[in-house]
Amino acid sequence: MRVPMTVNDFLDRAELGFRDCIGVVDEPDQPAPPVPMTTYGRLGDRVRAWQAGLDPLGVGEGERVAVVSHNSARLLELLFAVTMSGRICVPVNFRLKPDEVEYVVQQSGASVLLVDPELDDALTSVKARHRFVLGEQTESELMRFGVEPRPWSSPDEEATATINYTSGTTARPKGVQLTHRNIWVNGLTFGLHTRVWERDVYMHTLPMFHCNGWGMPFVMAGLGVKQVVLRKVDGAEILRRVEEHGVTLMCGAPAVWNAVLDAAATWEGDIPGRDQVRIVCAGAPPPSRMIRRVSEELGWEFTQIYGLTETSPLLTFNRTRPADAKLPAEERARKLSRAGLPALGVKLQVSASGEVLARSNVVLDGYWDKPEETEAALEGGWFHTGDGGTVDEADGHLTISDRKKDVIITGGENVSSIEVEDTIFSHPEVAEVAVIGVPDEKWGETIKALVVPAEGAAVSEAEIIAHCKERMTGYKAPTSVEFRDAIPRTATGKIQKFKLREPYWADRDRGVN
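Take 687 as the starting number for the sequence shown in our numbering and just add one per residue.
Put into structure tokens, the structure is as follows:
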């Protein structure tokens, strides 16, 4: 027997087994009137109201519905409502500029655009055949309560469920087509590896637009888990809600956990969730010092994953193994900073050029309307991640060395900017760091560190360089250090190094020497 694995399965089970249980706790204060604390039964009613509202607009199966929103209950509802009716949801990064949002809406061919009220004025120029502002307008003009929506005519696990645009570490984002099967398998393996069960409380510290919140809205619903919505990341607010709601599981980039660590320094009383909270980190390789601090200062269990939008996203998972539990804290943290062991059903290999390749049921169906890019990404039956890495022969764990394009080649030697960043970050007076290659007449390119000092610190360029030379081969140490107030990141916590490099390479024909 073969039954299509679709997103519908997750909400169907939530309504069947957890209809009267709290499913979603929305923001108490936001530009749009909040959706009240919602049971899974009520969530199902609202999902059908969205679907019934799209029917008379003539939005057919396979048509795209774009949503530009901060984390909200409405965005979570639409991830279900659009996909469960055979339509395609396009969650859009709310931090994009109007022309970038316009590109996504036009490139995806979205016939419906739904916009968060906080973003409405800025995105006035972005149009679609049908445009609504989330909140009062959609509640009164779009959603149709008590009306049975048109069912999906032929549920198909190979149908595209969402188009998620890459985070823009390159100039133009690409639309990643994730199928119902991709989402289903990712949800299953993510839930298994993070040990999710009915008594968990999950908080959305990760943007839901980013790879559908890593698929967490779906698997949490399927397992009856209460989901707490966090509209904007704030370290103190995360701690407060962990305490208020008994949160046990969160996902996010290293920047999220650094914000929590900063807030914990002035938190009055015991840190909430000690020995109860599990956090999942990805988006950028975490510094080993930060991993130690999460364990020692927060008492939270740290796990590391690796994945991409193109892989739904889960490819690897890294939790401290029982055999490593008695290792010194520094060694445990070093091991946890690796990407991890391939998740169930994932095969990895490293090509001759050092690129990480992957095969799995979570790999994208293709890039929307970009057949040449799709063919290149899936060449030889493997997904080409664009990341360089190595696999430990002893335990099979993957370590990401760098984005291929971010490897610095100085004097013919390849240097991983990630390795240099981790070394610099181990200096106690460094709060943030990004390492890039800049042009050099002698070496082709040389290593520059962009450093945000810790509050009140007076660290010097010479100290940073000496710190590195004491801990790594001399050619890997930066030759210059530039101090900054902040390092810009994407909404998913990634540093856009191509933008950091631009000023230094502006008068060159290419961005490498």
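Each residue gets a CB set at the ideal place from its N, CA and C atoms; glycine is no exception.
The residue among P903, M894, L864 and Q863 with its C-alpha nearest the C-alpha of V882 is P903.
Using a C-beta cut-off of 8 Å, the stretch 716-732 makes contact with the stretch 820-829, since at least three inter-stretch Cβ pairs fall below that distance. Exclusion of the five residues before and after D741 leaves P835 and R836 as the residues of its chain whose Cβ lies within less than 7 Å of its Cβ. In terms of Cβ geometry, T1085 and G1072 do not form a close pair [threshold 8 Å]. Closest in C-alpha terms to V915, from the list E763, G1142 and E1141, comes E763. Contact annotation: the stretch 950-963 touches the stretch 979-996, with at least three C-beta pairs closer than 8 Å.
Distance from the CA atom of D695 to the CA atom of S998, rounded to whole angstroms, is 17 Å. Note on N1100: under 16 other CB atoms within 10 angstroms of its CB, so exposed under the neighbour-count rule. As DSSP reads the structure, K1155 sits in no beta bridge.
Fully enclosed alpha helix (DSSP H) runs of no fewer than 4 residues occupy 866-879 of the stretch 862-888, in order along the chain.
Taken in chain order, the complete alpha helix (DSSP H) segments of 4 residues or longer contained in the stretch 978-1046 are 1015-1022.
Rounded to the nearest whole angstrom, the C-alpha separation of S1166 and S1146 is 11 Å. Restricting attention to G901, I869, L892 and P958, the CA atom closest to the CA of A922 is found in P958.
About 16 Å separates the Cβ atoms of H816 and V787, ruling out a contact at the 8 Å cut-off. Annotation for I1173: E1118, A1120, L1136, V1138 and I1181 place their beta carbon closer than 7 Å to its own, counting only its chain and skipping 5 residues before and after. A Cβ-Cβ separation of about 7 Å places L697 in contact with M770 under the 8 Å criterion.
Within its own chain, the residues whose Cβ lies closer than 8 Å to the Cβ of E843, once the five positions on either side in sequence are excluded, are P690, M691, T692, T865, H866, R867 and W870, listed in chain order.
Selection R1170, R1024 and L765 evaluated against T846 yields L765 as nearest (Cα-Cα). Taking E1141 as reference, the option from F1169, Q792 and G1123 with the minimal CA-CA separation is F1169.
Within the DSSP secondary-structure output, R750 pairs in a beta bridge with I774.
The Cβ atoms of V1042 and Q913 do not sit closer than 8 Å to each other.
Classified as exposed, E1058 has fewer than 16 neighbouring CB atoms from the shown chains inside 10 Å of its CB. Residue burial is scored here from C-beta neighbours: T848 has at least 16 other C-beta atoms within 10 angstroms and is therefore classed as buried.
Here the alpha carbon of E996 sits roughly 6 Å from the alpha carbon of V1049. Look at G1052 here: in three-state DSSP terms it is strand. If you compare the alpha carbons of E1127, E804 and Q793 with that of S758, the shortest gap goes to E804.
Look at D1092 here: in three-state DSSP terms it is helix. Classified as exposed, M687 has fewer than 16 neighbouring CB atoms from the shown chains inside 10 Å of its CB.
Under the three-state reduction of DSSP, P1125 is assigned to strand. In this chain, A1135 is not harboured by any alpha helix (DSSP H); it is covered by the beta strand (DSSP E) spanning G1130 to P1139.
At the C-beta level, A1038 and T1002 stay beyond 8 Å of one another.
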